[in-house]
Every structure is written in C-alpha cells, then in structure tokens.
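Chains V and E are the protein sequences, given in the same order.
Count along the first sequence from 1, add 1392, and you get the number used in this note's numbering.
Count along the second sequence from 1, add 6, and you get the number used in this note's numbering.
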Amino acid sequence: MLNALGQPQTVLLLGGTSDIALATARAWARSGDLHVVLAARPGPRRDAAVADLEHAGATVDPVDFEAEALDTHAALVAGIDRDIDVALVAFGVLGDEERAWQDHDAAVHLATVNYTAPVSVGVCLAERLTRQGHGVIVALSSVAGERVRRSNFVYGSSKAGMDGFYLGLGEALRGTGARVLVVRPGFVRTKMTQGRDPAPLSVDADDVAAAIVRGVANGDDLIWVPAALRGVMSGLRHVPRALFRKLPL
Amino acid sequence: MSEPAPPTEFRGWGRTAPSVGRPVSATAAEVAEVVRRAGPRGLIARGLGRSYGDPAQNAGGDVLLPLPTGIGEVAADGTVRVSAGTSLHDLMAALLPRGRFVPVTPGTRYVTVGGAIACDVHGKSHHVTGSFGRQVVDLDLVVGSGETRTVGPDRDPDLFWATVGGLGLTGVITAATLRTIPVETAYAEVTTQRLANLDEVMREMREGDRNFTYSVAWIDTLARGAALGRSVLSRGEHATRDRVGARDPLAPPRPPRVTVPVTPPVNLVTPLGVRAFNEAWFRKAPRHRTGEIQSLAQFFHPLDGIAGWNRAYGPRGFVQYQLVVPDGEDDALVRILERIAAARLPCFLAVLKRFGPGNDGPLSFPLAGWTLAYDVPAHPDLVPLLAWLDEQVVAAGGRVYLAKDSRLHPALLPAMYPRLDEFRAVRERVDPGRVFRSDLARRLEI
C-alpha cells in the first residue's frame, strides 16, 4: 500500500533498466522497505540493475519483459502476486531521428515501443489497479511530445500519443482508486541521451526521480521536470509554425 | 441486505492514503450472509471513520458500514446490551438521563462500539479503568465461516482478547454487553494546572494522577530549552449534584455547533498560526484552578464541537503519531520530545498521558507508562523524523497505536507487538480463508 506519506511498498518497473526508473526506485528504497518487480529484457544490464537496487536496500524480483511482445503484457501484469502500489512505465527508445522517418522498420519499431506498447501495458495496469482499488501508474512522457518539432518528430509524436493516452487514462480511472501521474521531463542526462548536447534546463535522472517521488506523494496527475519547463512549453506551444521552424530546437 | 453500492473512496480521519472499496449496508442478522459473499479482496467492518489511518478501508474489497443503532435497557448489574453500530454519542445520550455513563471514552464520542472494541480505545481514565476492552462483558462476533461466536473474558478468552484491539481482523462484531457506571450529573469537576516544563508535568502526573479518575495533559511541542514540554494538565472527576447549581443535571451531549463544510485547498495548520495558538493556549490556562464545572462533552470531547475539524489540514491531510514507552523509560520520552521540538512542525494538538497496566489483547496498544499523541500535517519530509521516533520507541520497548497509524513499516511490527504471532494463530483458527482484510492489514502484513 501507498502510506500516508506517499511511500510505496511494491513497485513495478516496466523498462526496469532505465536510468530514471532505477533512480526512482533507489529514492524510495532509501526511505523505507521496498519490493521491486523489475520487468526488463534478461541479460547483463538487468542483472546490474537488480544488483544496484539490492545494494540500495530493496528486495528485487526480476521478470522478463519485451515491450514489442504485446501479447505477453497481460500475463506479466496478472502474474504479480502482491498489490502493485506504483507501476512505472519507463521504457522507450530515442532512435536515430533521420532514420526514424525514412526507414520503415525503424519508424514502426519506434512507434511500437514508444506508443503501442505503453498503451498495451496501460490497459493491463488499469484493469489490475481498478480491481485492487488503489495504485498509481507513473507514465514517463517527454516535453518532446508537447510541441512536436522537426528535429525528432517521430519520437515526439510517439510521446505525444502516449502522453495523451495516459492523461486520458487518468481521467477514465477517476473514482476507481487507481491514479495516473504523467511525467514530462525535458532533456535528461542518461545513457539514452549520451553523446547528445544537453538542452537548456537539462536535468539528471535523480532530479526526475525526486520529482516523481514528490508527485506520487502529492497525488499529482501531471508534472514537468524541471518545473520551469511548464511555462517554457506553454509558450512554445503557441509559437506560429513559421517562427517555430526557425528556432534552434 | 441491500445490493452493494457503487465503489466508494474511503479514508481515515487523517484524510491520507484513500482507497476504493464497495460499501455494504446490513443489519446484524444479515452480517453472516455478507461475510459468506465477500469476494477475493475480503471484507472489513467500518465504524464512523475516526481511525486516523487505514484500518477501516479495504481497497478493492467490501466495506461493511455501521450496523443500525440499538441500545437495550440498563440491567440491574449496570450492564447494557448494544448493537456494535451504536455510536458512543447515542449511547451517552441514552445513558445520561438514566444516570449512567460509559467508564471509558476516547477523545471523540463519534465512534461506534464495534470500532471502540476493535481499536481497544482508551481515554483519560486509563490509569484507573483500563481501556475499552476491560469494560466489555461479552460480544457477538461473526467469524470467517459466517457463524456467530459469543465471546468474553471467560468464554473463549483467546478469541475475545484477539478481537479487543484486533482491528476487525478476527470478524465482524455485531453486538456487545458493556459495563456502565453511575453518575449524578452530566458534568465534570475539573482541576487545571499550568506546568512550566516536562519535568514538572511528569512529576505532577506521576505523583498526583492517583487522586483523579481522569487525567490528560496538553503539551506545547514547539517549546524548547527550559520550557521543553510545558503543559496544561487537566484532571477531573464526575461532578456531584450539589456542585452543578441550576444546570440540568443529566443533560445529554449536544450535536456539533460548528462545521468545517469543505476541505480548503491549502493546509490551514501553519507553523506561524500554531505557534501563536500554542502560546495563547498556554498563557490563557490558569496556573492552578480547582472546582471548575465543565459539561462531560467539553471535558472529554472538546473537538467534537467542530464537525469535520480534520479538514482544516487541507487536501494532504495529517498524521497522528501516538506512542507509548513503558515506565522507567522516561529518558526516551524526553529525547523524543526534544527531537519533536527541534523539528518545529506545526502541532496544536499533542497530549501526554500516563497509562495503567495493559490487558491481554495481543494487539491492544496501552501498556503501563507514558503515551504521547502528536498531530502534524502529512508531508513526505516527515519520513525521517517518524522513522527516528519508531527506532526510539522500539528501543525503549514501546509501540505505536495502530488505530492512529498510517505509515509504519511492517518490519517493526513484531518488535512493537511481540505477541503478534498469538494474534495470527487465533485468526488462523477463526478466519483461515482470510475474509477479513483491510488496507492496514495489507500494509503491515498482519
């Protein structure tokens, strides 16, 4: 159960090797007893993630998860014995932006992992959490989806889709006890963005983790990381296309 | 038995950690059927929702609402048979005109008899009367199979005592026979003392409580240094008829006069406001006043005058941390208060009380020593402070009160309640299929 101070006891990490997912689980583990169901592709990266969380004091139960294997999602979510207090939907790919719209396979792969798969797990989680009568789904979206731009529009459009899905899911789940928190980070310095030039207002995975921990405790449904991005994006959303095109974004 | 109502959000009095369950209404005769029909997420009986945390909510399962009120005649031996859904308010309203009162009342009379037993509530009289469970002659309990067991201290005492303080996890209490005491009036004669620091109030309570049936101290948790633990000690007795003058001697308690109608968007219990309140409350208290006549409602249930006062803490709600440390662990209490004072959190409601000996309930809270209840706005920043308090309490051989708890970690429960396994053994006997479940039971892995 999520307690009165917003601390979960059991957390499901979907895309459990993501830097943000691990940082968030570590933050919860530091302040209390935590059990983590770490759903990720088996292999050395998952083994390292398990070791990392165990070192932080959590008990960890690794399970196999393949985002694109959509028909396996229902069984994975149903197979978790304990109540899921928080489910973190943290998987995603950035890909090569130019390839992503010119290479058919790359485009479909990106759209599947970033949009179709989150919808697939979202539906399974919603059913599960409704039955439980409690629980929070944390969906890792991105400001890239808030105003989709030329430089990464396949990624941005997939995030726009998943962002919209989870915001809507949060509305649909009102009154069931289940909640949704959509998280829109800006540029996060992680292994996913390694080698790219950080944008202004960039943050670390730990900053996003701290914001998620706070957002879950507060019962928020939508947060930006850093919070200042809310205002920035609000402005950018309304910039005319002719001008937006010329911005160095 | 009505069909289950649509899923509803339930919270404790602290308004934190809500969950959604299916409310079920039933009469006592229908409880067996309700228990047999409970789904895979089980059922918990709920009273008037005055527990601070999550013992009376059951996420995804059934939540049995209070049974209809029922109050029998007072028997020649002073006992009274009541439905478990009867509130202490209604019971007092029925008893006072007959010159009777309940021997144990908590700080609110808006609790049900079933809830009072399941939480084994205590009041200002604990050092004399013990907790609520000691005033129960027998009770009817619907167990996991749907059968009704009548139990008491000499009739299946293991099941009786597991039910006293058992947080509803042994079954549904449907009725109870309670002891009552004779009173001449509906008033208390109160002695109030203002005490400059913790040493003084502890000395006064240690030496003087035996002269009073009722005793509790309001404590200013913001005072530091030489004023650490400064308190207003309030003690009293039932007033005799000659002391109440022209007042209606057996006037029943009145419903609340003021209501907090909505939850404000922000917490109104702020550090500045509370500091001013505590200062004024302490200064306005008389240095030493005797013979003041207060209505029993004023004396026992001052906050019942404002319906929904818990809403003042805003949407995030609040936490009450109530601990007990055994006699001889006074140093632990001092350390705890020093730390609380250093934390500077806004707390206008903290009370200190001396407990008499505990009872046989494996999950009953009281034990001989000092109990401190501390209300603070819920905030993630409380985590380290309360974790530190847990450590001190466990090291001193004490415990926290589960009816108030909303954030303890399960690992500490066996240390605080060393007879937990006895409780589990009794439950295994009467509810092997785990029909009776609550969010608290899930959280604390009871």
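The beta-carbon is built from N, C-alpha and C at its ideal position, and this holds for glycine as well.
Coarse secondary structure for residue i, derived from DSSP in three states
| i | result |
| --- | --- |
| Val1574 (chain V) | strand |
| Thr1402 (chain V) | strand |
| His4 (chain E) | This structure cannot settle anything about residue 4 (chain E), because the visible part of chain E is limited to 7 through 452. |
| Leu1420 (chain V) | The sequence as given places Trp at residue 1420 (chain V); Leu does not occur at that position. Helix at Trp1420 (chain V). |
| Val406 (chain E) | strand |
| Lys1638 (chain V) | coil |
| Arg161 (chain E) | strand |
| Trp1493 (chain V) | helix |
| Ala181 (chain E) | strand |
| Val1605 (chain V) | helix |
| Glu190 (chain E) | coil |
| Ala81 (chain E) | coil |
| Val142 (chain E) | strand |
| His385 (chain E) | coil |
| Phe107 (chain E) | strand |
| Trp1616 (chain V) | strand |
| Asp1453 (chain V) | strand |
| Tyr380 (chain E) | strand |
| Phe1483 (chain V) | coil |
| Phe324 (chain E) | strand |
| Ala1379 (chain V) | Because chain V in this structure spans residues 1393 to 1641, residue 1379 (chain V) falls outside the shown range and cannot be described. |
| Ala168 (chain E) | helix |
| Lys130 (chain E) | coil |
| Glu285 (chain E) | helix |
| Asp333 (chain E) | coil |
| Ile1472 (chain V) | coil |
| Glu1458 (chain V) | coil |
Beta-carbon spacing of residue i, residue j below 8 Å
| i | j | result |
| --- | --- | --- |
| Arg185 (chain E) | Pro259 (chain E) | no |
| Ala1455 (chain V) | Val1528 (chain V) | Rather than Ala, the amino acid found at residue 1455 (chain V) in this sequence is Val. No, Cβ-Cβ distance for Val1455 (chain V) and Val1528 (chain V) is not below 8 Å. |
| Gly136 (chain E) | Gly375 (chain E) | no |
| Pro74 (chain E) | Leu54 (chain E) | no |
| Phe218 (chain E) | Gly242 (chain E) | yes |
| Arg317 (chain E) | Val272 (chain E) | no |
| Leu1414 (chain V) | Ala1432 (chain V) | no |
| Val127 (chain E) | Val222 (chain E) | no |
| Pro29 (chain E) | Glu15 (chain E) | no |
| Ala100 (chain E) | Val119 (chain E) | no |
| Gly171 (chain E) | Leu418 (chain E) | no |
| Gly1569 (chain V) | Val88 (chain E) | no |
| Gly177 (chain E) | Val436 (chain E) | yes |
| Ala51 (chain E) | Leu94 (chain E) | no |
| Gly20 (chain E) | Gln326 (chain E) | yes |
| Asp1475 (chain V) | Thr1402 (chain V) | yes |
| Asp226 (chain E) | Phe288 (chain E) | yes |
| Gly174 (chain E) | Ser412 (chain E) | no |
| Arg4 (chain E) | Ala338 (chain E) | Outside the displayed span of chain E (7 to 452) sits residue 4 (chain E), for which this structure offers no information. |
| Leu373 (chain E) | Val330 (chain E) | yes |
Residue i burial status per 10 Å Cβ neighbour count (16 or more: buried)
| i | result |
| --- | --- |
| Lys130 (chain E) | buried |
| Ala1396 (chain V) | buried |
| Gln141 (chain E) | buried |
| Glu1543 (chain V) | The question names Glu, yet the displayed sequence has Ser at residue 1543 (chain V). Exposed, by the Cβ-count rule. |
| Leu1565 (chain V) | buried |
| Val1500 (chain V) | exposed |
| Gly1398 (chain V) | buried |
| Pro270 (chain E) | exposed |
| Gln328 (chain E) | buried |
| Arg216 (chain E) | exposed |
| Gly1525 (chain V) | buried |
Proximity test, residue i beta-carbon vs the ligand NAP heavy atom, cut-off 7 Å
| i | result |
| --- | --- |
| Arg1539 (chain V) | Questions concerning the ligand NAP fall outside what the structure shown contains, since it holds no ligand whatsoever. |
Tell me whether the region 375-382 of chain E and the region 143-159 of chain E touch, counting them as touching only if at least three CB pairs, one residue from each stretch, are closer than 8 Å. no
What residues from the region 1596-1610 of chain V come within 8 Å of chain E, judged by C-beta to C-beta, listed N to C? Val1605, Arg1606, Ala1609 and Asn1610
Report yes or no: do three or more beta-carbon pairs, one from the region 398-418 of chain E and one from the region 235-246 of chain E, lie closer than 8 Å? no
Using a Cβ-Cβ cutoff of 9 Å, what residues of the region 383-403 of chain E are near chain V? List them in chain order. Ala384, His385, Pro386, Asp387, Leu388, Val389, Pro390, Leu392 and Ala393
Cβ contact (3+ pairs, closer than 8 Å) linking the region 1534-1542 of chain V and the region 1614-1633 of chain V: yes
Name the residues in the region 1408-1431 of chain V whose C-beta lies less than 7 Å from a C-beta of chain E; which are they? Ser1423, Gly1424 and Asp1425
Please confirm if the region 1514-1521 of chain V is in contact with the region 1451-1471 of chain V, defined as three or more CB-CB distances below 8 Å between the two stretches. yes
Looking at chain V, which residues of the region 403-414 of chain E have a Cβ within less than 9 Å of any of its Cβ atoms? Asp411, Ser412, Arg413 and Leu414
Kindly confirm or deny that the region 55-72 of chain E and the region 29-45 of chain E touch, where touching means at least three C-beta pairs closer than 8 Å. yes
Contact between the region 1415-1435 of chain V and the region 1592-1611 of chain V (3+ Cβ pairs under 8 Å): yes
Contact between the region 184-202 of chain E and the region 291-300 of chain E: three or more CB pairs below 8 Å? yes
Contacting positions in the region 299-321 of chain E - beta carbon closer than 9 Å to chain V: Pro321
Could you check whether the region 1482-1495 of chain V touches the region 1503-1512 of chain V, counting it as contact only if at least three pairs of C-beta atoms, one from each stretch, sit closer than 8 Å? yes
Just by C-beta distance, which residues in the region 1562-1578 of chain V are closer than 9 Å to chain E? Gly1567, Thr1568, Gly1569 and Ala1570
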